[in-house]
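Counting in the working numbering, the sequence shown runs from 26 upward without gaps. Glycine residues also receive a C-beta, built at the ideal position from the N, C-alpha and C atoms. These numbers were taken from a predicted model, which means no experiment stands behind them.
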Amino acid sequence: MTTWTPNLPRFPLLDGPSPFQPLPRFSAALGDDAEIWVKREDLLPIAFGGNKLRNLEFLIGAALAEGADALVTSGRRWSNHCRLTAAAGARAGLDVHLVLTGPPLDSPGPNQRLDELLGATVHVTTTAERADREALVAAVTDDLRTAGRRPYVIAVGGSGAVGGVGQVLAGLELADQARERGVSPSAVVLPSATGGTQAGLLVGLELAGLRARVVGVTVAATAAELRPAVQMLVRDLGSLSGRVVDAGSVEFD
Ligand SMILES: Cc1ncc(COP(=O)(O)O)c(C=O)c1O
């Protein structure tokens, strides 16, 4: 078992590892050419689960260590990261402000309704432009400061070196579970949106000595847009964990 204890403040949100389960019928449907397993990040606790709780442990840890009293983050209207920030922020006693972007809807979708039920203040803009979204995040943050509050800003998707540490630990957890179950994965396939999960898993598997490809399936930005960001994060997370990781192995499909 490989352990790494990051020297960073952490606000605990997880009760233990997420389940690692075989999918025999899926494997059979593929002609048993591949044995498929799934890491059930959807079963992580709090507000219907999702892997971004791992990032939020370290992001909220950092916010509390700085003496913040509010969180500001952003995403699309259907963002799971925003829903989890609303829930985890409430657990930590922090006010949560969400900047949500996307086309106008007749009524808010399920995640936005959950955001509001969880007590977050939602600021909606229909813009698809990154610069407009960032301007609204800056305006919300300035308003909070003017009102005497101490906001902590979380980047889209909770990605970045601080949040990515949670995904390095996910990689270590996955490697341990695979070893315990006698499985040697040749590839880990995941959706890649902001790239933080992909970078963290790559570094975590490297730390654990598990030689599996990590393949990001792009769901938002293109591979060409995402590659430099993931490579930079791989280098940052590698140096945080004391390991030089080959950023050239960042792979997309
Ligand atoms: C389980 C899972 N894996 C990966 C991702 C992609 O996240 P990222 O923004 O870190 O690329 C998501 C997005 O929310 C996710 O839910």
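| field | Delimiting residues of the alpha helix (DSSP H) encompassing V190 | value | In the sequence shown, the residue the question calls residue 190 occupies position 165. Where V190 is concerned, the enclosing alpha helix (DSSP H) stretches over A186 to E205.
| Can you tell which of L169, C107, Y177 and A153 has the C-alpha that lies nearest to the C-alpha of A145? | Numbered from its first residue, the sequence shown carries residue 145 at position 120. Residue C107 is the option with its Cα nearest to A145.
| Cβ-Cβ distance between L227 and V239 below 7 Å | Indexing the sequence shown from 1 puts residue 227 at position 202. Indexing the sequence shown from 1 puts residue 239 at position 214. Yes.
| Under 7 Å, do P129 and T151 count as touching if we go by C-beta distance? | Looking up residue 129 in the sequence shown gives position 104. Looking up residue 151 in the sequence shown gives position 126. Yes, Cβ-Cβ distance for P129 and T151 is below 7 Å.
| query | Where Q286 and A180 are concerned, what is the direct C-alpha to C-alpha distance, given to the nearest angstrom? | reply | Past the edges of the chain, shown from 26 to 278, lies residue 286, and the structure says nothing about it.
| field | the region 40-60 / the region 86-97 touching (three or more Cβ pairs under 8 Å) | value | no
| query | Who are the near neighbours of A113 in its chain, counting only those whose CB is closer than 7 Å to its CB and skipping five residues on each side? | reply | Looking up residue 113 in the sequence shown gives position 88. Closer than 7 Å at the Cβ level, and outside the excluded window around A113, lie L38, I71, L78, L81 and I85.
| message | Less than 6 Å separating the Cβ of E250 from some heavy atom of ligand 1? | response | By 1-based counting over the sequence shown, the position of residue 250 is 225. No; taking the cut-off as 6 Å, the Cβ of E250 has no heavy atom of ligand 1 nearer than that.
| task | Please classify E60: does DSSP put it in a helix, a strand, or coil? | result | Your numbering for residue 60 matches position 35 in the sequence shown. Three-state DSSP puts E60 in coil, outside helix and strand.
| request: Please check the pair T27 and L232, which I expect to be a contact at CB under 8 Å, by giving their CB distance rounded to whole angstroms. | output: Within the sequence shown, the letter at position 2 stands for residue 27. Within the sequence shown, the letter at position 207 stands for residue 232. Contact flag correct, Cβ pair sits at about 6 Å.
| query | Counting Cβ pairs, one atom from each stretch, are 3 or more of them under 8 Å apart for the region 53-65 and the region 162-176? | reply | no
| query | DSSP beta-bridge partners for R79? | reply | By one-based count along the sequence shown, residue 79 stands at place 54. R79 is not bridged to any residue.
| query | Among the residues of its own chain, which have a CB less than 7 Å from the CB of V162, if the five just before and after it don't count? | reply | One-based indexing of the sequence shown puts residue 162 at position 137. Cβ within range, chain order: V97, S99, V124 and V178.
| query | Which residues share a DSSP beta bridge with P216? | reply | Taking the sequence shown and counting its residues from 1, one reaches residue 216 at position 191. P216 is bridged to V242.
| task | Can you give me the Cβ contacts of H148 inside the same chain, cut-off strictly under 8 Å, excluding the 5 residues immediately before and after it? | result | For the purposes of this step, residue 148 is taken as residue 123 along the sequence shown, with counting starting at 1. Excluding positions up to five away in sequence, the list reads H122, L123, V124, L125, L161 and V165.
| message | I'd like to know whether the C-beta atoms of F83 and G188 end up nearer to each other than 7 Å. | response | What you label residue 83 is simply residue 58 of the sequence shown in a count that begins at 1. What you label residue 188 is simply residue 163 of the sequence shown in a count that begins at 1. Yes, Cβ-Cβ distance for F83 and G188 is below 7 Å.
| Unbroken alpha helix (DSSP H) run spanning V121, endpoints | Along the sequence shown, one-based indexing puts residue 121 at 96. Per DSSP, V121 belongs to no alpha helix (DSSP H); it is in the beta strand (DSSP E), D120 to T126.
| query | Between L251 and A245, what straight-line distance do the alpha-carbon atoms span, to the nearest angstrom? | reply | Sequence index remark: in the sequence shown, residue 251 carries index 226 (1-based). Sequence index remark: in the sequence shown, residue 245 carries index 220 (1-based). If you take the alpha carbons of L251 and A245, they lie about 9 Å apart.
| Boundaries of the beta strand (DSSP E) in which P47 is found, first to last residue | Looking up residue 47 in the sequence shown gives position 22. Start and end: F45 to P47.
| Residue range of the beta strand (DSSP E) that includes T110 | Indexing the sequence shown from 1 puts residue 110 at position 85. Taken as a continuous stretch (DSSP letters only), T110 belongs to no beta strand (DSSP E), being part of the alpha helix (DSSP H) at N105 to R116.
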